[in-house]
């Protein structure tokens, strides 16, 4: 048994933490949030140069990591610093699927991703599908030697910046059948592809994506026809580890900000942290934070296991973090009082990040349900 | 014991409903739901109520009020919330006015009260300061008497809708040597007096509803003092008892719960409406059960008030429970919206002729959830309310 990080991962953690603490303060983040792109190309380049993107890929994919704990180390730091750059979407979802399924030409794109030169987005969930992974109504129809895509995709994070979108579409089966789903690489600007972009409340940008007779060459197919579901499941599992770790990092910062505030804010002639009513609540936050840390370890450490066992661990972590996240976000705001309600104060962003994480890849209840299904099996 | 409204109350409710039907247009309702009311919308709403004689609901007839009892006020508040009507801006009408009626001079009453009714004056509240939140009595804004004027210096914060106001009522320190509560005075100040600066505070959901108000050598005529110098804390506390009216927010919770149910019927989860999902349904049922009980607690207290009994710790209890329930409903709305809670809607994205992103109900849910975290913070935080309850029931008890 050993809960220490390896030397390499510790170095990665230190380097990344230092890089971000030098460059990523609230004013910087607020500037980035207000920018048209919703992220900073300079920061992205810096992250690529540090090898942060490479750490999310295995050696045979051109990286030097790619395991569950590489993901958790990187995303915990990104979460601690409140980084809004689209690492999860470009590297984990997009890059992960390309690396896992791509032919030689497609895999060449992974190198570009690792170098920081290419953004990606996964256009999978659809209006009305909520968090259901197998509910795909977009269609892929062969026509001559080409494939024609039609359909709509919901809340596609990072779609506007992406040079390529990975789009899921159904080639056979009923609307919620896991079989029959295929994946395609659609270049930005393809005829018939339209994006309606918008900012998200917790930072970053997304778009509603419409596919209207998008014609692709057969070489645009990613992986085997009709067998996209399992690779998608794996990609989303990795994304869940990333999201859980990122949320853990954000909760650490929220908790630390609250600790500092309790020690410094004076009311009734003393620091408010001397009131036992608040002390006990703060202690509960710390207890739950350690629960969340362990849940992330469980999820990251089981990422390479069999899909059902892996997903049970992941749903367990996401359910727990959903509950702890709500507690920590709400208690942090409440113990701060009015100041936490302001955009200008650092906590606001972290509270939003923690809370809105529960709106991607399944919420607390969705993961509870999936945990029940998988643990009964 | 009778849980139902009597005939007179039912007739009154019908009257209120008819008025709301007519006055709350679909366009207005939409703005309320999306939190996009303009100053003009709020002024129009006040004018419509005033024309009907229903604006100053708690004022006695002699001052031009409706002189409604607690049950009538409750009925209106509940119906208005259910109809998604705008809220009455309370600062002049239900905060300052009662203070002026009880402690103000005849001249102050004659001058200010009609202007509140007509909408000529928009008041805001100068209570909280950066260092004086829950500990309000530690406020530092200084007023020094010089001849016929007070010279005011200091800073107020969390001034709701101060950007629209032309007047502010302020707690200021006039005797720095007295015990905290005994050196405070209550001043009425023109917002266009030189030396006043209003700076916006943008909240975490991107809205501008509160402000900082800075005072630098602001000259205030002594006749703008309410009551006696250094007695302001008494008036301030009296005002706060009025701030706590409708503290339970039952109508808002009912309207919110209905909205969540509408959403959960429309949202599909694995091919079935979300409302049929046992986990979501259980969350919904629990908050509804809490609300049913609290609505009755609220009515019990209102009946006592209508019978002339002053509420004690009960209003603190209602504040705590009422805000927990409202916040829980905001949380459910956000959950029900699913992934479409993520888009951050703005008029820039959703222009007047653009369809909303995702289902029309989803857009504002996350912003409302975050914005309403304020409910348990302002008007005496829930911690302060619990202190009050414990202090009354346990005494000094250390």
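Residue numbers (the UniProt record's numbering), protein chains in the order written: chain A, 1 to 377; chain B, 1 to 398. We put the beta carbon where it would ideally sit given N, CA and C, even for glycine. The model shown is predicted, which means the values in this text are computed figures rather than measured ones.
Around residue 175 of chain A, the same chain offers 135, 136, 137 as residues with beta carbons nearer than 8 Å, after the five sequence neighbours per side are excluded. It is roughly 43 Å from the alpha-carbon of residue 376 of chain B to the alpha-carbon of residue 95 of chain A. Among the residues facing chain A, residue 269 of chain B is included, as its CB has a counterpart in that chain under 8 Å away. Neighbourhood of residue 367 of chain B in chain A, by CB distance below 8 Å: 201, in chain order.
In terms of Cβ geometry, residue 155 of chain B and residue 200 of chain B do not form a close pair [threshold 8 Å].
Rounded to whole angstroms, residue 161 of chain A and residue 195 of chain A show a C-alpha spacing of 11 Å. Look at residue 312 of chain A here: in three-state DSSP terms it is helix. Straight through space, the alpha carbons of residue 331 of chain A and residue 340 of chain A are spaced by roughly 11 Å. The beta-carbon of residue 233 of chain B is placed no less than 8 Å from the nearest beta-carbon of chain A. Around the Cβ of residue 40 of chain A, a 10 Å sphere holds 16 or more other Cβ atoms; the residue is buried. Annotation: the continuous alpha helix (DSSP H) that includes residue 367 of chain B extends over 365-371.
In terms of beta-carbon proximity, residue 303 of chain A stays away from the interface with chain B, with every pair separated by 8 Å or more. Between residue 336 of chain B and residue 229 of chain B, the C-beta gap is not smaller than 8 Å, which leaves the two residues out of contact. Boundaries for residue 359 of chain A: no alpha helix (DSSP H) harbours it, and the DSSP string shows neither H nor E there. Contact with chain B is absent for residue 86 of chain A, since none of that chain's Cβ atoms lies less than 8 Å from the residue's Cβ.
If you check the CB distance, residue 287 of chain B and residue 389 of chain B do not come in under 8 Å. Closest in C-alpha terms to residue 46 of chain B, from the list B:94, B:60, B:101, comes B:94. Nearest neighbour of residue 55 of chain B by Cα position, chosen from B:27, B:34, B:91, turns out to be B:91. For the pair of segments examined, the segment 357-375 of chain A was found not to touch the segment 276-285 of chain A: the number of CB pairs separated by less than 8 Å stays below three. Residue 356 of chain B has a beta carbon lying at 8 Å or more from every beta carbon in chain A.
When the beta-carbon positions are compared, residue 204 of chain A and residue 84 of chain A come within less than 8 Å of each other. A check of alpha carbon separations from residue 134 of chain B across B:300, B:68, B:158 identifies B:158 as the nearest. For residue 268 of chain A, at least one C-beta of chain B is nearer than 8 Å to its own C-beta.
Within chain A, 333, 334, 336, 337, 338, 340, 341 have C-beta atoms less than 9 Å from the C-beta of residue 377 of chain B, given in sequence order.
With a cutoff of 8 Å on beta-carbon distance, residue 329 of chain B and residue 260 of chain B are scored as near each other. DSSP links residue 89 of chain B through a beta bridge to no other residue. Take residue 291 of chain B, set aside five residues on each side of it, and the residues of its chain with a beta-carbon closer than 6 Å to its own are 253, 325, in chain order.
DSSP places residue 340 of chain A in the helix class (H, G or I) of the three-state scheme. Listed along chain A is no residue with a C-beta nearer than 8 Å to that of residue 322 of chain B; the closest approach is about 16 Å. Taking C-beta separations shorter than 7 Å and ignoring five residues to either side along the sequence, the partners of residue 13 of chain A in its chain run 5, 73, 77, following chain order.
Secondary structure within the segment 53-86 of chain B: the alpha helix (DSSP H) runs of 4 or more consecutive residues, fully enclosed, are 70-82 (chain order).
Secondary structure at residue 178 of chain A: coil, using DSSP grouped into helix, strand and coil.
Where residue 212 of chain B is concerned, the enclosing beta strand (DSSP E) starts and stops at 208-221.
Secondary structure in the segment 138-224 of chain A: the beta strand (DSSP E) runs of 3 residues or longer, each lying completely within the stretch, are 139-143, 146-157, 164-170, 181-187, 193-199, 205-217 in chain order. The beta carbon of residue 191 of chain B sits closer than 7 Å to those of 165, 166, 167, 168, all from its chain and outside the five residues before and after it, given in chain order. Residue range 229-264 is occupied by the alpha helix (DSSP H) that includes residue 261 of chain A.
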